[in-house]
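For reference, the structure is listed below as structure tokens.
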Amino acid sequence: MSSNCDAIVLGAGIVGAACAMELAHAGMSVTVVEPGVIGGGATAAGMGHIVVMDDSPAQLAFTHYSQQLWHVLAPQLPPAAEYETPGTIWVAADEVEMQEVARKQSIYVTRGLPVRVLDSHALLHEEPHLRPGLAGGLLVSSDAVLYPPVAADYLLQQALSSGASLIRQAALQAGEGKACLANGDILSSPRIINALGAAAPSLAPGLPVHPRKGHLVITDRAPGFVRHQLVELGYVRSAGSGTADSVAFNVQPRKTGQVLIGSSRQYNAHDKSVDHQILQRMMQQTRRYMPGIDKLSVLRTWTGFRAATPDKLPLIGPHPADPTLFLATGHEGLGITTALATGKLIRHILTGSGSEIPVEPYLPARAFHPTTETAHA
Amino acid sequence: MRNRNEYTYDVLVIGGGPAGIAAACAAAPHARVAIVDENPALGGQIWRNSFPARQSHPSGPWHNRLQQTQATRLHGLRVFDAPAFNTLHAEAPDGLHILRYNKLILATGARERFLPFPGWTLRNVIGAGGLQAMVKSGLPVAGKRIVVAGSGPLLLAVAAFLKSHGAQVVAVCEQAPPRQLAHFATSIVAYPSKISQAVQYRTQLAAVPYRIGWWPVTAHGKSQVESVTLTNGARRLTLDCDFLACGFHLVPNTELPALLGCSLHNGFVAVDSLQQASVPNVFCAGEITGIGGLDKSLIEGSIAGYASTGQNSPARKLFAKRNKALGFAAAMERAFAPRPELRRLPAPQTTVCRCEDVAHELLQQHDSWRSAKLHTRCGMGPCQGRVCGAATEFLYGWPGESIRPPILPVRFDTLAEAEKPTAQH
Amino acid sequence: MPDAITITVNGAPVQVPSGVTVAVALTLLNEPCRTSVTGQPRGPLCAMGICYECRVTIDRISNRLACQTLCVPGMEVSTHA
């Protein structure tokens, strides 16, 4: 069987669902291809922290823009999406990290973000279960939290109610205007959007996207134990490291009262089973910041794979070697935060609609080396 | 800092019911053996609070045999992880216990299958084996009106037990169709001990109606059960009661063998003739290889204990007895298979997942266990799907998922300290 | 009550038979073990460590299984998580 549509979206994670929604809203006929559970990949594995990050100006612009889109969408999300704005506290362990608080504050203020510097005393007031003696922190009160699989499903339902269709098949090949499915069907479209996260290279060989494994732990309900998303400022060092395995203190209050505990980053780990050594390192790091967590009951642990790029920015836009192939991947740990902005940029690129932020920093061409291009041209 | 305890044994037996006890008895003369159980005492479900027992009790000889060995007994330990080669981690109220072994014998037993129906979450609606366990743990039931319902040979055993403790057993209702059960009755002619046991139960329960082909449809009450409505498909009957003891036969506790990577077949651990699982050095015995009751558990436990210590000759001598027990297990599985009508028991608002209070109507919108888990929280609570998983498999045909550590809820510090902390700055 | 011991349940001292589990004690006292996430009172279901319906706080340690814990004199049981 063969059929045509304006756009094919490969993958119904939160990024694919957001792209499908935007394109369907733009009036395109859209086919979403997803063999598994909606939002069942990295979307389900992640924390659902909608956070403004400032590793680079492009990252700051992108995360801030997308967070604003989430704030606008929030009232329409179903209750099961558990959208809340507890804010983030970037926790500074010592005076050196307090300098980072000051630097971060000055940048966030210029963007009009609601921030407050906390000293040691104010930090403990906000978060009584943190270890006394930490230097302070930066409270960013606009940061939000949601439950990603339900949010992804909501976005997909928006697409479907605007005429998109969903095919529950795996795509085996994509390019040159065709997507070949596991059941033998061939879909034709001049626009194929690869939104497969860390699996994106399987249908776009040579893509500079690599899986970066993460572990998470969730506790039973302990309402009020944590009030904000708490992230150590050392996280920037951890997340920024390009090669070494790392852990960071990063805990989140869920609407259920559960505490979600991260985070770890591993390259060259392709096995999805729980790695006890890194799990332990991550939990030890958590205890250093929050000793009282010892008595909480752990219900589950799991792993997931972030789609990492060399320059920590996503790949959004045309594949340099195939004019029918578009990319919407490489979001690493910010896929939930930036899903809505990704949808907007894809819409802008495919339909010429206006864009509120410049698209150039995210275009994939930057990440393809000439040799790679010729090899796959 | 809480305790951290480390042990190494030649043979480690997980599960202190009959299969585990038999395994420890068989292995202990030839190896350093430990037997681990979650409960305050050994005995498992069937010998709960009767181990040790008076000599006339069937557990008596096994207790004496175990007493004569050097086997270590480790009580109150819940195994939650298998983090490294030949290593298990368990939690006790005092902290982490690290258990190392050369050979492992798993005898983790079975749990009741619970199927949701309106009112099944009311207090005093409790498993049939569950109520028996409560009585063995000290709950007086003299004069209490009790309806025993569900499926399986456990119902009659529990009803006779409750009556012997002075309960007023109002009725025993077995969901299996009379024809299916008659076939079973014929087939157990080959097992005289089973017949005499059944006759004994029936004699004890002389005045109690045993309704075959009846099942519960609704439990009524405000916060605890006050009455139950039952049906045989054609007629309905409502009985007042203080307790509804209800379980639909048994399902195996395969979480630990699954975590270790043991192959499962039809939901049970696959083993060879020496009870060895697909993973080297791991033996499995009792209900986790097939629901067969006491005889099968004792025989398989003995074989596993012998085989784990290289005593293959005494192990082989038990093969014929085991074949007979397996025949009985197969007949039982056919006889007490849940009837399709039970799939229609839950109303739209009936809770299926009791940990997260997820209703039937929400689950019906999903096509897999994973989809339901991610989108409704079904199975995401502390029981980790042990109760609702068997129900959703039956109701919706969803197979379970792969298993991850911890297989039980465990304190953060227990899990965090489970490995020796790596060198830290 | 022969061989009775005293424990406290939600702060109130109560007498229970010695040797019983916390799950039995709460059933005798007609006390739910926990309140479900939608507010329903719950008691033991499996009584053998599987279902977690009987989880309570014992001596300030939460999520203890009442069905696998024996009452001891002076034990503090709380059914409010």
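Chains as they are written, first to last, in this note's numbering: chain A, 1 to 377; chain B, 1001 to 1425; chain C, 2001 to 2081.
All residues carry an ideal CB built from backbone N, CA and C; glycine is no exception.
Would you say the stretch 343-361 of chain A touches the stretch 297-308 of chain A, given that touching needs at least three Cβ pairs under 8 Å? Short answer: they don't touch.
Going by beta carbon distance, what residues of the same chain come within less than 6 Å of B:Ile1303, once the five residues before and after it are set aside? Gln1275, Ala1315, Leu1318
Listed in chain order, which residues of the stretch 2048-2078 of chain C have Cβ atoms closer than 8 Å to some Cβ of chain A? Ile2061, Ser2062, Asn2063
Would you mind reading off the limits of the alpha helix (DSSP H) that contains A:Phe62? 57-73
Return no unless some Cβ of chain C is closer than 7 Å to the Cβ of A:Ser297. yes
Identify the continuous beta strand (DSSP E) that holds C:Thr2057 and give its terminal residues. 2055-2058
Just tell me which of B:Val1147, B:Gly1119, B:Pro1116 has its CA closest to the CA of B:Leu1131. B:Val1147
Cβ neighbour criterion (16 or more within 10 Å) applied to B:Phe1080: Counting the other CB atoms within 10 Å of its CB gives B:Phe1080 a total of 16 or more, which places it among the buried residues.
Could you check whether A:Gln266 and A:Asp294 sit closer than 7 Å to each other, using their CB atoms as the reference points? No, these two residues do not count as a Cβ contact at 7 Å.
Contact check, B:Cys1383 vs C:Cys2033, beta carbons under 7 Å: no
Evaluate the contact criterion for the stretch 246-260 of chain A versus the stretch 207-223 of chain A: three or more CB pairs, one atom per stretch, below 8 Å. yes
What residues match up with B:Asp1240 in a beta bridge as DSSP calls it? B:Ser1227
Exposed or buried, which one is A:Gly333 when buried takes at least 16 other CB atoms within 10 Å? So A:Gly333 ends up on the buried side.
Pop quiz: A:Ala171 and A:Leu10 are said to be a contact at Cβ under 8 Å. What is the actual Cβ separation, rounded to whole angstroms? 5 Å
Does any C-beta atom of chain A lie closer than 7 Å to the C-beta of B:Arg1048? no
What would DSSP say about B:Ser950, mapped onto helix, strand or coil? With chain B covering only 1001 through 1425, there is no way to say anything about residue 950 of chain B.
In whole angstroms, what is the alpha-carbon distance linking A:His319 and A:Leu155? 25 Å
Output yes or no for whether 7 Å exceeds the beta carbon distance between B:Gly1166 and B:Ala1128. no
Using only the alpha-carbon positions, how far apart do A:His64 and B:Val1251 sit? 51 Å
Beta-carbon separation (whole angstroms), A:Pro148 vs A:Ala44, contact threshold 8 Å: 7 Å
For B:Asn1312 and B:Glu1255, I'd like the C-alpha separation in whole angstroms. 28 Å
Using a Cβ cut-off of 7 Å (strictly closer), state whether B:Pro1040 contacts chain C. Yes, B:Pro1040 lies at the interface with chain C (some Cβ there is under 7 Å from its Cβ).
Does the CB of A:Gly16 have a neighbour CB from chain C at under 7 Å? Not one beta carbon of chain C lies nearer than 7 Å to the beta carbon of A:Gly16.
Would you say C:Leu2045 reaches chain B, if we count a Cβ-Cβ gap shorter than 7 Å as a contact? yes
With a CB to CB cut of under 8 Å and the five nearest residues on each side skipped, what residues in its chain are close to B:Asp1240? Arg1145, Val1170, Glu1226, Ser1227
Rounded C-alpha distance that separates A:His376 from A:Leu203: Bear in mind that a pLDDT of 42 at A:His376, under 50, signals an unreliable position, so the number given afterwards is only what the model happens to contain. CA-to-CA, the gap between A:His376 and A:Leu203 works out to about 12 Å.
For chain A, find out if any of its Cβ atoms is closer than 7 Å to the Cβ of B:Ala1423; answer yes or no. Reliability of the predicted coordinates at B:Ala1423 is poor, the pLDDT of 40 falling under 50, and the value obtained from them is presented with this limitation in mind. For B:Ala1423, the answer is no, since every Cβ of chain A falls outside 7 Å of its Cβ.
Counting only beta-carbon separations shorter than 7 Å, does A:Asp220 have a partner in chain B? Yes, A:Asp220 counts as interfacial toward chain B.
Grab me the residues of A:Ile261's own chain with a C-beta within less than 6 Å of its C-beta, minus the 5 sequence neighbours each way, in chain order. Cβ neighbours of A:Ile261 within its own chain (closer than 6 Å, five residues either side excluded): Val217, Val251, Thr286.
State the Cα-Cα distance for the pair B:Gly1138 and B:Ser1056, rounded to the nearest angstrom. 21 Å
Measure from the alpha carbon of B:Leu1326 to the alpha carbon of each residue in B:Phe1336, B:Gly1293, B:Phe1248, then state which is nearest. Of the listed residues, the one whose Cα sits closest to B:Leu1326 is B:Gly1293.
Is there a C-beta anywhere in chain B that falls below 7 Å from the one on C:Val2020? Judged by the 7 Å Cβ criterion, C:Val2020 is in contact with chain B.
Rounded to whole angstroms, how far is the Cβ of B:Gly1400 from the Cβ of B:Glu1287, which I believe are closer than 8 Å? About 17 Å separates the beta carbons of B:Gly1400 and B:Glu1287, which is beyond the 8 Å limit, so they are not a contact pair.
Near A:Lys42, what residues of its chain come up, given a Cβ to Cβ distance below 8 Å and the 5 sequence neighbours on each side ignored? The displayed chain sequence assigns Ala, not Lys, to residue 42 of chain A. For A:Ala42, where only same-chain residues beyond five positions count, the Cβ hits under 8 Å are Gly13, Gly197, Ala198, Gly304, Phe305, Arg306, Ala307, Gly335.
I need the straight-line Cα distance from B:Pro1409 to A:Ile357, nearest angstrom please. 46 Å
When B:Val1135, B:Lys1373, B:Thr1203 are compared against B:Phe1243, the one with the closest alpha-carbon: B:Val1135
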